[in-house]
Structure formats: C-alpha cells, structure tokens
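Asker: In my numbering, the protein residues as written are 19 to 448.
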C-alpha cells in the first residue's frame, strides 16, 4: 500500500506541476471533490473525447449527437426514479464526526480515528437548487446526476426530426453532478464529472446481439487510447449489485494504484426509461407501435484521464538519476512535438526554430515551442508531459537544413532533413 500511495502522490504532484490538473479553488483552500484541468489536462481530455466521439458517433451511420441542458424539469428526475432513490448509505463517526459511505467501511469503527460509527442512513446525492426569484417547492430543480436522462427525454425529438429506423443511438458528452459523501482518490471519485454515453435503442429480441457489439466497441476504445490490456478487466455484475433498471451489466474495471475499480459500464436498461417517460416508437414498415429497449455504454472522462496517467507513468533508472516520463500514445498526448533551439541566446537558432515550429504547428496543432533551460532540462520536461518527439535546431541546421529528432520512449536521436520532418512525424503518430 505504501508503494501504491507513493505512486499516486507522484502522479498528483506531476499533474499539478506540469499543468494537467489543479485543485479546484485552490487559492481559497480548495473545495473537496472538485478539480480544474490545466492547459495540458484540457488537451488530454479533448483528445480522449474526440477519439470517443469519432468512434462512437461520427464514424457510424446509426448514431445521432446531442448536448442536453444540465438543468431539467424536476419531473424528469421523478419519472426516472432519482428523486426517490438516488442515495447512498451514510455513517457518521461519533468521535470525529467525519462521514463515510457505509459500504466503503469495514466493521463499526471509524477508519480515521477508530471511533464508533453510528447507524447507516440514506444520503441524497443530487444537488438541489432553485430556479427563479423565489425559493419554494415549485422552484426546485437539480443539477443532473447523469447525462442519460437528457437523451431519453429527447428521444421523441430525434425521432420526429430524423425518422430513424431501429436500431439507432444517441450519443452525448457532458457534465454530471453527484454530492458524493466522501470524494477521494484524486479525480476518481468527484462531485463534478464528465461522461461519454450512448443510449442505443433496439427491439427487445435483438438486445443480446447489440450488447455484445457495444462490448467490443468499448474494448476497441481502450486499445485505441492506449490502456494496457492486462490492466482492464471485464466483470459481470450479478443480481442485487446491478442497478434496479439493469437486466445485465458488465463493468470494465481498471488496475488503479489504489486497487481494481470501475472504469466504464455497459448496461442493458431494458425499456425502463422510455416506459417511465411514457415514450414509444412507431415502426411504419411493420405498422407497429412499441417501447424500444436500450443498451447503454457509459464511459467516464475523468476516470479515463486517471487511468491514462497512472498506466503511462514510467520511471527509468539512469545511473544515479531517474528519468520520469508519461508513455502516452501520440493520439492522446497533449503535445505531439516540441521544437527547441539548442541555445536561446543565439538569434539565428531561435529564428530557425520558430520557422520549423510554425510549420509543424500549422500541420499538427499540438506543437510546443520550448527554449526554457538547457536542452537536457527541456527533454526531461517534455518526457514528464508525455511528448513523443523533441526537435532540436542546432548550428548544423543553419548549414544543411537538418534537425535532431529525439524519441521519448527510447531517448534515441536521429538526424533528418527539415523537409522530411512533417512526413516522419505523421507516419509515427498514426
């Protein structure tokens, strides 16, 4: 456990130091369960979301995109069952008064001070707010605890607008909010999270076929973004451990430093949601009206980022020193290439480097100009943020238009012509 805690502390430190993730509201002491993504964190998140959107929505002919409102009519949450049933069991320590989820605590003693824990009671996880100028029962609304209901309540709108034939799906990336009793493990369990979800509508007789198809899609996604296969586990969720609406659920769990925990979920929701919202589908060819069943692949953005950071974090012994680098796939790396002049006080090198940088920036976008510190420090800094390639302009570059290209993973360098640089990088990052 000490080694695992040490790894998490190193990752959290690196994330802040290098601009991936900052504590929310840090200058005012922070706010538990909230985190701000810095410049590199935003780039990493966007790369993950863009890959998901392309694979799960844009590249398919049976999918529609959506971006539903966070605030919804409270009747949505009454119909979905959240108002009456979205809660966790809470216990409070009689000595230090800290609160915990009872299903996360073993025995009757506080994990912090060993005091006696009280009786479990249900804790409402939805954030309640008021809309308008008055605060009364009629003004109550909620920050959505999931993105799925925004899709379900727009089912009829999409059908009316596009007349899709079954099977078809609606995909969405968006924020959800959960008043977690005890947020923990960095960005793993938070109060403000981002989800990538699909609700895929099928005939009941076809659900097993499409459940398996979406299972394969999730597996493929983990491979595309570079999660190690041996760290991802498919766990069949049995009986009472499934959500009340689910007839079958597979959890995709990941080997985080703090244990094997849920990363993604794939659920067969049956006709629970559309039935509760009194929605149905009319098949014109069959002249039949019925309630479609739903397959739901649900993937968390924040947990994906944490899985990528923890699996990519690498320490390599170099004599008496240790090289730290993030072995991220180029497809998700915040920066693909860093361009540097060998010396920042030589105008001719800086000018040449800026020219190379501008060309690569136009072609690849995720390119950084780095002239801070000596070249060794720049390499180490780029290694820590996961940059696959560093391009250095030196005095030979002025004479023969060649540059040095250094690989992050091997630390090996090779010389090449500037006019071949774009083609070389494009081939390497496929």
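Ideal Cβ placement from N, Cα and C applies to all residues, glycine included. None of the values given here were measured: they were computed from a predicted structure.
1) Quick one: using the 10 Å Cβ neighbour count with 16 as the cut-off for buried, is residue 150 buried or exposed?
2) Mark residue 114 as exposed unless 16 or more other C-beta atoms lie within 10 angstroms of its C-beta, in which case mark it buried.
3) For residue 200, report the span of its alpha helix (DSSP H) as first-last.
4) Is residue 20 buried or exposed, if buried means 16 or more other CB atoms sit within 10 Å of its CB?
5) Can you tell me whether residue 263 is helix, strand or coil according to DSSP?
6) Output the distance between the C-alpha atoms of residue 433 and residue 422, rounded to the nearest integer angstrom.
7) Are the CB atoms of residue 430 and residue 344 nearer to each other than 8 Å?
8) Quick check on DSSP: helix, strand or coil for residue 45?
9) Judging by CA-CA distance, which residue of 160, 133, 328 is the nearest neighbour of residue 144?
10) Mapping DSSP to helix, strand and coil, what is residue 287?
11) On the criterion of 16 or more Cβ atoms from any shown chain inside 10 Å, does residue 222 qualify as buried, or is it exposed?
12) Quick check for students: name the residue ranges of the alpha helix (DSSP H) that lie wholly in the segment 132 to 211, counting only runs of 4 or more.
13) Take every Cβ of the segment 59 to 79, pair it with every Cβ of the segment 315 to 333, and state whether three or more of those distances are shorter than 8 Å.
14) Give me the residue from 154, 371, 385 with the minimum Cα distance to residue 420.
15) Reducing DSSP to helix, strand and coil, say where residue 214 ends up.
16) How do the segment 434 to 446 and the segment 373 to 385 stand: do at least 3 beta-carbon pairs fall below 8 Å, yes or no?
17) Of all the beta strand (DSSP E) runs that stay within the bounds of the segment 75 to 125, which reach a length of 3 or more residues?
18) Please classify residue 328 as buried or exposed, where buried requires at least 16 neighbouring CB atoms within 10 angstroms.
19) Check this for me: beta carbons of residue 280 and residue 215, under 8 Å apart or not?
20) Among residues of its own chain, excluding the 5 on either side of residue 80, which ones have a beta-carbon nearer than 7 Å to its beta-carbon?
21) Let me know the secondary structure DSSP gives residue 443 once reduced to three states.
22) Under DSSP, the alpha helix (DSSP H) around residue 243 begins and ends at which residues?
23) Around the C-beta of residue 326, are 16 or more other C-beta atoms found within 10 angstroms, so that it is buried, or is it exposed?
24) Please list the terminal residues of the continuous alpha helix (DSSP H) segment that includes residue 330.
25) Could you tell me which residues DSSP pairs with residue 408 in its beta bridges?
26) Secondary structure at residue 450, three-state DSSP: helix, strand or coil?
27) What is the rounded straight-line gap between the Cα of residue 390 and the Cα of residue 44?
28) Can you check whether the CB of residue 195 is closer than 8 Å to the CB of residue 210?
29) Could you work out which residue in 413, 124, 86 is closest to residue 173 when comparing CA atoms only?
30) Going by DSSP, which residues form a beta bridge with residue 313?
31) Determine whether the beta carbon atoms of residue 268 and residue 245 lie at a separation below 8 Å.
32) Buried or exposed for residue 333, going by 16 or more other Cβ atoms inside 10 Å?
33) My output table needs one value for residue 32: the three-state DSSP class, helix, strand or coil.
34) Using the Cβ count rule (16 or more neighbours within 10 Å means buried), how would you classify residue 162?
35) Does DSSP put residue 303 in a helix, in a strand, or in coil?
36) Measuring straight from C-alpha to C-alpha, what distance separates residue 448 and residue 350?
Answerer: Quick answer:
1) Label assigned to residue 150: exposed.
2) Label assigned to residue 114: exposed.
3) The continuous stretches of alpha helix (DSSP H) do not include residue 200, and DSSP gives it neither H nor E.
4) Because residue 20 carries a pLDDT of 49, less than 50, the predicted location of this residue cannot be relied on, and the following value inherits that uncertainty. Classification of residue 20: exposed, given that the 10 Å Cβ count is below 16.
5) In the structure shown, residue 263 adopts coil according to DSSP, grouped into three states.
6) Straight across, the Cα-Cα distance linking residue 433 with residue 422 is about 5 Å.
7) In this structure, residue 344 does not lie closer than 8 Å to residue 430 by Cβ.
8) Look at residue 45 here: in three-state DSSP terms it is helix.
9) Selected option, being the one with the closest Cα: 160.
10) Under the three-state reduction of DSSP output, residue 287 falls in the strand class.
11) In summary, residue 222 is exposed, with fewer than 16 beta-carbon neighbours lying within 10 Å of its beta-carbon over all protein chains present.
12) Fully enclosed alpha helix (DSSP H) runs of 4 or longer: 166 to 170, 173 to 180.
13) Segments in contact, yes.
14) Among 154, 371, 385, the Cα nearest to that of residue 420 is on 371.
15) In this structure, DSSP gives residue 214 an extended state, which the three-state scheme calls strand.
16) Touching, yes.
17) Counting only runs of 3 or more residues that sit fully inside the segment 75 to 125, the beta strand (DSSP E) segments are 81 to 84, 105 to 110, 117 to 119, in chain order.
18) It counts as buried.
19) Inclusion of residue 280 and residue 215 in the CB contact set at 8 Å is not warranted, their separation being larger than that value.
20) Cβ within range, chain order: 185, 186, 187.
21) DSSP places residue 443 in helix when its eight states are reduced to three.
22) Here the alpha helix (DSSP H) through residue 243 covers 225 to 243.
23) Here residue 326 is buried: its Cβ has 16 or more other Cβ atoms, across all protein chains shown, within 10 Å.
24) That run of the alpha helix (DSSP H) goes 319 to 330.
25) DSSP output for residue 408 lists 356, 424 as bridge partner(s).
26) As shown, the chain starts at 19 and ends at 448. That puts residue 450 outside it, with no answer to give.
27) Each residue's Cα considered, the two are about 26 Å apart.
28) Between residue 210 and residue 195, the C-beta gap is smaller than 8 Å, which places the two residues in contact.
29) When C-alpha distances from residue 173 are compared across 413, 124, 86, the shortest belongs to 86.
30) Paired residue(s): 218, 286.
31) Result no, Cβ atoms of residue 268 and residue 245 do not sit closer than 8 Å.
32) By the neighbour-count rule (16 or more Cβ atoms within 10 Å), residue 333 is not buried but exposed.
33) Here residue 32 sits in helix by DSSP.
34) Flag for residue 162 reads buried.
35) Coil, per DSSP.
36) Cα to Cα, residue 448 sits roughly 11 Å from residue 350.
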